[in-house]
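Chains as they are written, first to last, in my numbering: chain Z, 34 to 178; chain B, 34 to 178. For every residue, glycine included, the Cβ atom is placed at its ideal position computed from N, Cα and C. Single-structure report; data block below.
2 protein chains.
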Amino acid sequence: MDPRLHFVTLATRDLDGARRFYSDGFGWEPQLDVPDEIIFYPVGPGLLLGLFEADKFAQDAAGAQPAEPGGVTLSYNVPSEVEVQPLVDRLVAAGGLVVKPVQASAFGGIVHAMVRDPNGVVWEIGYNPLWSVRADGSVELMPPS
Amino acid sequence: MDPRLHFVTLATRDLDGARRFYSDGFGWEPQLDVPDEIIFYPVGPGLLLGLFEADKFAQDAAGAQPAEPGGVTLSYNVPSEVEVQPLVDRLVAAGGLVVKPVQASAFGGIVHAMVRDPNGVVWEIGYNPLWSVRADGSVELMPPS
Numbered sequence: 034m035d036p037r038l039h040f041v042t043l044a045t046r047d048l049d050g051a052r053r054f055y056s057d058g059f060g061w062e063p064q065l066d067v068p069d070e071i072i073f074y075p076v077g078p079g080l081l082l083g084l085f086e087a088d089k090f091a092q093d094a095a096g097a098q099p100a101e102p103g104g105v106t107l108s109y110n111v112p113s114e115v116e117v118q119p120l121v122d123r124l125v126a127a128g129g130l131v132v133k134p135v136q137a138s139a140f141g142g143i144v145h146a147m148v149r150d151p152n153g154v155v156w157e158i159g160y161n162p163l164w165s166v167r168a169d170g171s172v173e174l175m176p177p178s
Numbered sequence: 034m035d036p037r038l039h040f041v042t043l044a045t046r047d048l049d050g051a052r053r054f055y056s057d058g059f060g061w062e063p064q065l066d067v068p069d070e071i072i073f074y075p076v077g078p079g080l081l082l083g084l085f086e087a088d089k090f091a092q093d094a095a096g097a098q099p100a101e102p103g104g105v106t107l108s109y110n111v112p113s114e115v116e117v118q119p120l121v122d123r124l125v126a127a128g129g130l131v132v133k134p135v136q137a138s139a140f141g142g143i144v145h146a147m148v149r150d151p152n153g154v155v156w157e158i159g160y161n162p163l164w165s166v167r168a169d170g171s172v173e174l175m176p177p178s
């Protein structure tokens with residue numbers, strides 16, 4: 034099995050709040066927006082983020098899932114330390130809530146913040162000098178020496 | 034902001050159970066495995082899946098997160114309908130629990146199952162004839178006509 038992730042789908046009570054957070058905060062463009070049902074954003078090669086209306090999500094998951102996301106963090110890395118706070122500010126202006134203000138993380142050199150989207154999805158916004166993407170798409174993780 | 038997702042990080046109470054599920058069930062190889070802390074699997078270009086020990090996860094998220102993943106589904110698409118059940122069987126043999134047996138989904142032509150990993154992460158294993166990845170990495174979603 035090719036190691037791949039094709040969709041990340043999140044229970045979303047407030048689709049309008051989600052649209053505002055992702056389209057206005059991150060500045061992303063939906064690939065597909067089905068009112069009262071689901072919004073898809075492209076978030077990488079072969080990868081879609083789906084914000085799925087919470088009741089329909091629960092029904093599709095055969096009731097095996099709570100109605101609010103938790104126990105998961107999605108990370109977005111910015112290219113420099115000074116870009117963390119401005120993105121956090123834009124996300125807050127678009128309905129996000131800071132759950133961890135910008136700070137040095139416990140791991141070497143990382144500066145990050147955590148922002149909760151209007152539906153409970155926690156995003157880590159970070160500058161991570163140990164992380165880079167090679168030309169072939171593989172991720173380089175350089176542990177602190 | 035480039036629309037990207039760089040890490041998906043999941044609260045993981047049982048790292049050994051997770052390793053078994055992903056390495057033996059999906060057959061993936063960890064990129065980094067730090068005992069009692071975190072296991073990273075590459076799951077796409079520029080994308081890592083992190084299974085982060087639950088207490089450390091909660092601490093890193095500043096207590097803003099429950100200790101078990103929920104309200105999120107991760108999807109893995111297989112190339113043909115007949116490959117869904119065998120993958121589900123391998124995941125179950127590696128500690129997964131079927132929360133939705135293989136069946137036609139509510140959406141046109143999709144055949145899928147949902148399998149909970151040993152730490153509460155729900156995976157959708159699906160054959161989706163409406164979904165494909167173009168040469169440039171963008172996802173084609175063909176709505177039913």
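Within 8 Å, strictly: CB atoms of Gly-104(Z) and Gly-103(B): yes
Same chain, Cβ closer than 7 Å to Glu-70(Z), five either side skipped, listed in chain order: Glu-86, Lys-89
Please name the residue in Met-34(B), Leu-163(B), Phe-54(B) whose C-alpha comes closest to that of Phe-140(B). Leu-163(B)
Skipping 5 residues on each side, what residues in its chain have a beta carbon closer than 7 Å to that of Val-172(Z)? Trp-164, Val-166
Would Thr-42(B) and Thr-42(Z) qualify as a contact pair, given that the criterion is a beta-carbon distance under 8 Å? no
Confirm, please, whether the CB-CB distance from Leu-38(B) to Leu-65(Z) is below 8 Å. no
Just to confirm, are Val-111(B) and Ile-143(B) a CB contact at a threshold of 8 Å? no
Proximity test, Cβ basis, 8 Å: Glu-101(B) and chain Z: yes
Between Val-135(Z), Ala-137(Z), Lys-133(Z), Val-148(Z), which has its C-alpha nearest Ala-126(Z)'s C-alpha? Val-148(Z)
What are the boundary residues of the beta strand (DSSP E) that includes Val-115(B)? Premise fails: Val-115(B) is in no beta strand (DSSP E) and is neither H nor E.
Could you give the C-beta distance for Phe-73(Z) and Leu-80(Z), rounded to a whole number, given that I count them as a contact under 8 Å? Not quite, the Cβ-Cβ distance comes to about 10 Å (not below 8 Å), so this is no contact.
Boundaries (first-last residue) of the alpha helix (DSSP H) holding Arg-245(Z): Outside the modelled stretch of chain Z, which goes from 34 to 178, sits residue 245(Z), for which no answer is possible.
Gly-153(Z) versus chain B: which residues are under 8 Å apart at the beta carbon? Gly-104
Going by the beta-carbon positions, is the gap between Gly-170(Z) and Pro-78(B) smaller than 8 Å? yes
In chain B, which residues lie with their C-beta within 8 Å of the C-beta of Leu-81(Z)? Val-172, Leu-174
Which whole-angstrom value describes the C-beta separation of Leu-113(B) and Tyr-55(B), a residue pair presumed to lie in contact below a C-beta threshold of 8 Å? Position check: residue 113(B) holds Ser in this sequence, whereas Leu was assumed. With a Cβ gap of about 22 Å, Ser-113(B) and Tyr-55(B) do not count as contacting.
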